[in-house]
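If you're matching positions, the sequence shown starts at 6 in my numbering and goes up one per residue.
Where is the CB? At the ideal position from N, CA and C, for every residue including glycine.
Predicted, not measured: the structure shown is a model, and the values here were computed from it.
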Amino acid sequence: MKTETKRTVAAKLMLFSSAVIWGSSFFILKNTLDELPVYFLLCVRFLFSAILLSIVFVKKWKLLNLKYLWTGAITGAFLGFAYIFQTIGLKHTTPGTNAFLTTVYCVIVPFLSWAVSKKRPDIYNFIAAAICITGIGLVCLDGKMSFSFLGEGFTLICGIFYALQIVAVEKWCSDLDVILHTIIQFFTAFFICFIFFISSESFPKHISTGSVLSLVYVTAFVTALCFVFMNMGIKHTTASSSSLILCLESVFGILFSMIFYHERPTLQTAVGFVIIFVGIVLNETKPKFALKKN
C-alpha cells in the first residue's frame with residue numbers, strides 16, 4: 006500500500022473514531038447537563054482540553070507564529086459558536102431533531118469548500134451528501150418535527166458554523182501543525198464560552214462524582230482526542246469526505262441509546278442506517294467507478 010494511501014486510510018479511521026466517541030457523549034452527558042450549567046460545561050471542556058494538549062505537546066509551542074494565532078482564533082470562533090448555537094437549540098427542540106439538523110453541515114461543506122478552494126467536488130460528493138442526510142433524517146426524526154427559531158433555527162445555524170470550521174481546518178492546516186492549531190482553537194472557544202458563562206450563569210454549588218467523571222471523559226476523549234483526530238483527518242483527506250464520516254456522530258448517538266437505554270429500533274431507523282451506509286460507500290468507492298468508466 007502506498008504511503009499516501011495509508012495516510013488517507015489512517016485519516017478516515019481517525020474521523021470515524023471521532024464520530025463513534027462523539028456519539029457516546031450523548032448518553033454520557035445526559036445526566037451531567039441536568040446538574041451543571043451549559044456554558045460552565047463548555048468552558049471546562051475547552052479550557053482543560055487546551056491545557057492538557059499544551060502539557061502533552063509542550064514542544065509544539067516553539068512553532069507558534071502570527072499565522073497560528075489568527076487562523077486558530079478564527080477557526081476556534083467557528084467552533085465555539087457552533088457549540089453555543091447547538092446547545093441553545095437543544096434546549097428548545099428534541100435531541101433527535103437537534104442531531105439531525107446539526108448534520109446539515111455534510112451538505113454545506115462541499116459547496117463551501119468549493120467556494121474557498123475553487124476545486125469543484127465531484128458528483129459523488131453531492132449525491133452521497135444528499136443520501137446521507139436523508140438517512141440521518143429517518144434515524145433521528147420521529148415524524149413530529151415542528152419549527153421554532155430558538156430550537157430548529159439555532160440548530161441550523163450551528164450546522165453552518167460546523168461547516169465553516171471543517172473548511173477552515175482544510176484550508177489552513179495543510180501547512181500548519183494540527184495539534185498546535187487545535188490548542189489555539191480550544192483557547193479561543195473557551196474565551197467565547199466564558200463570556201456567555203459570566204453573563205448568564207454562576208458556578209455550580211455542588212458537582213457530584215458522576216459529573217466529575219463525565220467531565221474527565223468529555224475533556225480528555227470527547228474534546229482533546231477527538232478534535233486532534235478530526236483535524237488530522239481533515240488535513241489528510243478532503244473536507245467533503247470528512248463531513249460525511251463525521252456526520253455518523255448522530256447515528257452512533259442513536260446506537261448507544263439503543264444499547265445503554267434499551268431503546269428499540271424501528272423499521273424507519275433500520276432503513277435510515279442502510280441508506281447512510283449506501284451514501285458512505287458511494288462516496289468512498291467512487292474512484293473504482295471512475296476507473297471502470299475509463
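How about residue i and residue j: do their beta carbons lie closer than 8 Å?
| i | j | result |
| --- | --- | --- |
| Ile280 | Thr139 | yes |
| Phe53 | Thr224 | yes |
| Phe159 | Ile93 | yes |
| Ala244 | Glu157 | no |
| Thr80 | Ala173 | yes |
| Cys137 | Gly284 | yes |
| Thr98 | Ser153 | yes |
| Glu254 | Ala24 | yes |
| Ala55 | Phe226 | no |
| Cys163 | Phe282 | no |
With a 10 Å radius around its C-beta and 16 neighbouring C-beta atoms as the bar for buried, classify residue i as buried or exposed.
| i | result |
| --- | --- |
| Trp75 | exposed |
| His211 | exposed |
| Lys256 | It should be pointed out that residue 256 corresponds to Val in this sequence rather than to Lys. The residue is buried, with at least 16 neighbouring Cβ atoms inside 10 Å. |
| Gly215 | exposed |
| Thr271 | exposed |
| Pro209 | exposed |
| Gln273 | exposed |
| Leu18 | exposed |
| Leu249 | buried |
| Ser118 | buried |
| Leu143 | buried |
| Ala194 | buried |
| Ala16 | buried |
| Lys240 | buried |
| Val63 | exposed |
| Val183 | buried |
| Leu181 | buried |
| Leu155 | exposed |
| Arg269 | exposed |
Assuming residue i and residue j make a contact with CB atoms under 8 Å, what is their CB distance in whole Å?
| i | j | result |
| --- | --- | --- |
| Ala229 | Leu34 | At roughly 16 Å, the Cβ-Cβ gap does not stay under 8 Å, so Ala229 and Leu34 are not in contact. |
| Phe261 | Phe31 | 7 Å |
| Thr10 | Thr242 | No, Thr10 and Thr242 are not in contact; Cβ-Cβ is about 11 Å, not under 8 Å. |
| Leu287 | Ile132 | 6 Å |
| Tyr44 | Phe202 | 4 Å |
| Leu68 | Leu185 | 6 Å |
| Ile165 | Ile128 | With a Cβ gap of about 24 Å, Ile165 and Ile128 do not count as contacting. |
| Ser247 | Ile171 | 6 Å |
Let me make sure I understand the geometry here. Which of the options has the alpha-carbon closest to that of residue i?
| i | options | result |
| --- | --- | --- |
| Ala264 | Leu20, Ala15, Phe131, Ser29 | The sequence given here places Ile at residue 264; Ala does not occur at that position. Comparing Cα-Cα distances from Ile264 to each of Leu20, Ala15, Phe131, Ser29, the minimum goes to Ser29. |
| Ile197 | Leu46, Ala82, Trp66, Pro126 | Ala82 |
| Phe232 | Arg50, Pro42, Leu38 | Arg50 |
| Asn103 | Ile141, Trp66, Tyr129, Lys123 | Ile141 |
| Leu41 | Leu117, Gly238, Ser219 | Ser219 |
| Ala135 | Trp177, Phe116, Ala275, Lys65 | Phe116 |
| Trp66 | Ala15, Phe195, Ile189, Ser22 | Ile189 |
| Ile26 | Ile239, Ser213, Tyr222, Thr37 | Tyr222 |
| Gly277 | Phe105, Ser122, Ala15, Leu46 | Phe105 |
| Val217 | Ser22, Leu155, Cys163, Asn36 | Asn36 |
| Leu161 | Asp182, Val183, Val109 | Val109 |
| Gly77 | Asn236, Lys124, Val61 | Asn236 |
| Ser179 | Leu95, Val63, Leu38, Gly238 | Gly238 |
| Tyr73 | Leu38, Trp177, Asp39 | Trp177 |
| Leu46 | Arg125, Gly85, Lys123 | Gly85 |
| Asn130 | Ser213, Cys252, Val121, Cys111 | Cys111 |
| Leu95 | Ala120, Lys124, Leu38, Ile60 | Leu38 |
When the cut-off is 8 Å and only beta carbons count, does residue i lie next to chain B?
| i | result |
| --- | --- |
| Glu206 | Among the protein chains of the structure shown there is no chain B, as only one such chain exists. |
(request) Ignoring anything shorter than 4 residues or poking outside the region 109-158, list the alpha helix (DSSP H) runs there in chain order. (result) 110-122, 128-145
(request) Return the chain-ordered ranges of every alpha helix (DSSP H) run that is complete within the region 202-246 and spans a minimum of 4 residues. (result) Unbroken alpha helix (DSSP H) stretches of 4 residues or longer found wholly inside the region 202-246: 214-222, 231-240, given in chain order.
(request) Any chance you could list the alpha helix (DSSP H) runs of at least 4 consecutive residues sitting entirely within the region 35-99, in chain order? (result) Qualifying alpha helix (DSSP H) stretches, in chain order: 37-40, 43-61, 71-96.
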